[in-house]
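Numbers in the numbering used here are just positions in the sequence shown, counted from 1, shifted up by 439. What follows is a single structure, written as structure tokens, with notes after it.
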Amino acid sequence: MASFYLVAALVALLTVGARGFQLSQRGLFWDDLVIPSFYSGFNPVGGQPTSAMGENSPLATPPGVPGVPPADPASAQFAAEQLRSALGKTIPDAHASLPERLFTPYDGHLMPGTSALQLAVSRADPLSWHVPAVLIFGLTIVLAIGWFLVARRAIQWGASPGLALIVYTAACVSPFLSSATGWWSAAINALAWQLAAVGILLVGLRTKNGTVALSIAFTGIQLTALLFTEKALSLVAIIATVTWVRAQVQRQPRLLRATIAPAVLTVAWAAWYLSVAGFHDDSEGFAVTTAVPKALATLVLPGMIGGPWVWDRWHPGSPFADLALGIAVPLFLVIVTGLLYLAWRVLSNSTRSTRRAMRVLAMIVGASFAYLAAVLVVMVRARTSTGTTDLLPRTPHYYADWWTFTLVVVLLGGIALSSRRPSDHPPAIPTGRRFSVAAMFLAISATISTVTWTMTWQDDPTREYLANLRQTVVDPQRAGTLSPLLSQPARIDVLSPLLHPFNSINAIAGVPVATHTTQPKVVDDSGRLVDAGVLRVASNKKGTEPQCGTRITAGKPRVVVLDQPLPFGDWTWEFNAAATQDAQVRISMPNGLQSASEVSKRAVTVPVGTELQTQWVRINGVGGTIALEVQGAEGTSVCLGEGAIGPLLPVQQ
């Protein structure tokens, strides 16, 4: 057993070292930036948040923010429509409590615990990678210790030390799991599943646990995991397998009753999940199934021996396996041949009957194939769309729980085929040099894959971008010194426009969307907040009234004409105006392409004082006219001067 402990220690060091290197090079990514705003009542069109979460909730907008008036019903409806259109997501109910909102699925994922953790961390340390990295690193250490305890307990139950060592190594250094731990959101989901699997095995292989204790422990572990990821529904398969093996070894069929409560929980949670998940159906989109064969050859099978070693990445997505088919196909044949040889050795060396050994092998292979098929079916069902490419099935984190499940059934199969009785102390059985060499090869191979996977992020601009965004936007916002900020999308290689409206700077930074400002600023490509100005595309025509320009009186809406028609989009208008007394002006862009109600939803309201002032107003619409309506005391009028309309860009541009 000395060699077992030595190799296990080396594997643990490689695992922790690789994870430390990986986390030192990584940062927040994609969903890590979207989820906090998704659950915090973000309003994409200006106005106060659409939620009723309370002022102390994560990322809630403080009341009375300058330039952010309370949203009227029409604009609130427009905000809800904008949110609802984001990748087909079902948004949390605007008036629900925080716990209710957390149980709203995000992009097909039901993970209230994950969302709550991300909200809490985001509120405490916005746009920072430090807390997530420390938590992921710490959980990696806990998981490695957990797998060591599982391997040791499996040996006590009769598994060979060599098999236990291989399973321990493959579980710790799994390239599928390493990919998942490379960003915050995926790491929480994956590690929750992994830790729950370890907990189930430790409980299930504890000889002193009876049926009731097993049932309670299994149900509690699975329920906890379900709060972090809906993938924990599959844990019932591990519960059933470990219980069946234990019942066979101890000849206690009544232990199988311990699976009833977890099975009921699984069915109930699955029914609820399917009723709220809201999978979209895009039969005209790219069929993920066409990419499965290549994914199996270039990722799944190489990943079983620590591969695929070679990656590529397209901004702003995650890395995907890029092993050449000229290498993948021969490797595929070698791995399949090796697996068949191992199966033959198991059958020939089994101390049990050949028939039973074949049954156990069939169970292992069948369970692994069934799980992999389920992963692929869910991927096809949930991800087939016009925005999907053949790269998706070659993204390794989707297979993290399948690979661990396969390792678990292999380990439990080794126990089922053993003739030794359970013991409280590991027997003094040598690990075997071949197993030690194989374990080290696997660990080194997987470490190479983790390092090369991490290196594909070297040219990713997100870390520097978010650091500058925090310094120039988030910190001033928290200090109360940030001027109202108009909506602006993040650079395309940080967040895809497909995530609109959650790809905006305001959503990422937790800053309310302003409809107008007197200090125009934008975030440049480096993530810094800089002075901005309007690049003129059109302007309102100069009025004819002396000392006024164009006069608009309360109760008498007026339409001003632009010198050039504008295509549909978001525009910034240099609104030069003064009023006879304080008033508000409602601004919209009527046109022949939208109904009056659609135009009304996009209207903005701007306060106007008695001193001539330029305000930069964000308007949404199309056409060559702007409608203005003064809201104030009878007789109040507003004088409007000429002003440019166009995109808001950094002054340097």
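From the three backbone atoms N, C-alpha and C, an ideal C-beta is built for every residue, glycine too.
Restricting to Cα atoms, I'd like to know which of the options is closest to residue i.
i: ALA1083; options: LYS981, VAL446 and ASN1030; result: LYS981
i: THR901; options: ARG465, TYR444, GLY547 and LEU770; result: ARG465
i: TRP896; options: PHE759, ILE744, GLU1037 and VAL684; result: PHE759
i: THR650; options: THR682, ARG562, ASN628 and LEU672; result: THR682
i: HIS836; options: GLN1091, ALA929, ALA1042 and VAL739; result: VAL739
i: TRP632; options: PRO985, ASN907, LEU604 and PHE667; result: PHE667
i: LEU640; options: GLY585, GLN687, LEU616 and LEU694; result: GLY585
i: HIS548; options: ALA555, ARG917 and LYS670; result: LYS670
i: ILE947; options: PRO544, ALA839 and GLY966; result: GLY966
i: GLN689; options: ARG540, PRO861, GLN927 and ASN942; result: PRO861
i: TYR607; options: LEU811, ASN482 and ALA447; result: ALA447
i: VAL999; options: ASN979, ALA1018 and THR983; result: ASN979
i: THR1053; options: PRO1029, THR956, ARG997 and LEU1088; result: THR956
i: ALA806; options: SER875, ASP899, SER1039 and THR680; result: THR680
i: THR843; options: GLY853, ASP546, LEU831 and LEU811; result: LEU811
i: ARG645; options: LYS960, THR737 and ILE594; result: ILE594
i: THR543; options: LEU735, TYR478 and LEU846; result: TYR478
i: VAL731; options: LEU1087, VAL819, ASP761 and ARG795; result: VAL819
i: SER442; options: PHE874, ALA1018, ALA1035 and THR893; result: PHE874
Please list the terminal residues of the continuous beta strand (DSSP E) segment that includes residue i.
i: TRP1055; result: 1052-1070
i: ASN1015; result: 997-1018
i: ALA1083; result: 1083-1085
i: ARG458; result: Taken as a continuous stretch (DSSP letters only), ARG458 belongs to no beta strand (DSSP E), being part of the alpha helix (DSSP H) at 441-464.
i: LEU644; result: Run containing LEU644: none; DSSP gives neither H nor E here.
i: ARG1025; result: 1022-1027
Please report how far the alpha carbon of residue i lies from the alpha carbon of residue j, in whole angstroms.
i: ILE575; j: CYS611; result: 14 Å
i: VAL890; j: TRP469; result: 21 Å
i: VAL969; j: ALA953; result: 16 Å
i: LYS647; j: ALA636; result: 19 Å
i: LEU778; j: GLU903; result: 45 Å
i: TRP708; j: ILE803; result: 26 Å
i: TRP1111; j: SER463; result: Residue 1111 is absent from the structure shown; the chain starts at 440 and stops at 1092.
i: LYS733; j: ARG833; result: 8 Å
i: ARG685; j: PHE657; result: 14 Å
i: PHE771; j: SER857; result: 30 Å
i: GLY552; j: GLY601; result: 37 Å
i: TRP596; j: ARG909; result: 53 Å
i: VAL912; j: GLN958; result: 14 Å
i: THR579; j: VAL450; result: 13 Å
i: ILE474; j: THR454; result: 29 Å
i: LEU1051; j: VAL1043; result: 20 Å
i: GLN927; j: ASN942; result: 9 Å
i: ASN628; j: LEU556; result: 11 Å
i: ARG798; j: ILE605; result: 22 Å
From which residue to which residue does the alpha helix (DSSP H) around residue i run?
i: VAL606; result: 600-612
i: GLU903; result: 901-908
i: ARG592; result: 569-595
i: ALA918; result: 914-918
i: ARG690; result: Counting along the chain, ARG690 falls outside any alpha helix (DSSP H), and DSSP gives it neither H nor E.
i: LEU1114; result: This structure does not reach residue 1114, given that the chain is present from 440 up to 1092, and the question cannot be answered.
i: SER1034; result: Run containing SER1034: none; DSSP gives neither H nor E here.
i: LYS980; result: Run containing LYS980: none; DSSP gives neither H nor E here.
Just to confirm my understanding: we take residue i, look at its own chain, exclude 5 residues before and 5 after, and list those with CB closer than 6 Å. What are they?
i: GLY1080; result: GLY988 and ASN1015
i: ARG975; result: ALA1083 and GLY1085
i: THR705; result: LEU672 and VAL675
i: ARG752; result: PRO758 and THR895
i: LEU1093; result: The shown model of the chain, from 440 to 1092, leaves out residue 1093, and the question about it has no answer.
i: GLN1003; result: ALA977
Just to confirm my understanding: we take residue i, look at its own chain, exclude 5 residues before and 5 after, and list those with CB closer than 8 Å. What are they?
i: GLN1020; result: THR1049, GLY1071, ALA1072 and THR1075
i: ALA1022; result: ALA993, PRO1046, VAL1047, VAL1069, GLN1070, GLY1071, ALA1072, THR1075 and VAL1077
i: PRO571; result: LEU467, ASP471, VAL560, TRP623 and ALA626
i: VAL1090; result: VAL969, ASP970, ALA971 and GLY972
i: GLN916; result: ALA948, GLY949 and VAL950
Going by beta carbon distance, what residues of the same chain come within less than 7 Å of residue i, once the five residues before and after it are set aside?
i: LEU905; result: GLY466, LEU467, LEU566 and GLY966
i: ARG693; result: THR650
i: ILE774; result: LEU740, MET743 and ILE744
i: LEU1032; result: VAL1061
Exercise for the section: Specify whether the stretch 1010-1023 and the stretch 911-921 touch according to this definition: at least 3 beta carbon pairs, one from each stretch, less than 8 Å apart. Expected result: Cβ pair count under 8 Å is below three, so no.
Problem - the stretch 867-886 touching the stretch 693-701, judged by at least three CB pairs closer than 8 Å - result: The stretch 867-886, when compared against the stretch 693-701, does not touch it at the 8 Å Cβ threshold.
Exercise for the section: Determine, using beta-carbon pairs with one atom in the stretch 603-621 and one in the stretch 658-668, whether at least three such pairs fall under 8 Å. Expected result: Counting Cβ pairs under 8 Å, fewer than three are found: no touch.
Practice task
Determine, using beta-carbon pairs with one atom in the stretch 446-460 and one in the stretch 530-545, whether at least three such pairs fall under 8 Å.
Solution key: The stretch 446-460, when compared against the stretch 530-545, does not touch it at the 8 Å Cβ threshold.
Handout entry: Contact the stretch 739-747 vs the stretch 761-779: 3+ CB pairs below 8 Å
Key = Three or more beta-carbon pairs drawn from the stretch 739-747 and the stretch 761-779 are found closer than 8 Å, and the two stretches are therefore classed as touching.
Exercise for the section: Would you check if the stretch 871-890 and the stretch 597-614 touch, i.e. whether three or more CB-CB distances between them fall below 8 Å? Expected result: A contact is defined here as three or more CB-CB pairs under 8 Å, and the stretch 597-614 meets this definition with respect to the stretch 871-890.
Problem - At least 3 beta-carbon pairs within less than 8 Å: the stretch 929-942 vs the stretch 1060-1067 - result: Counting Cβ pairs under 8 Å, fewer than three are found: no touch.
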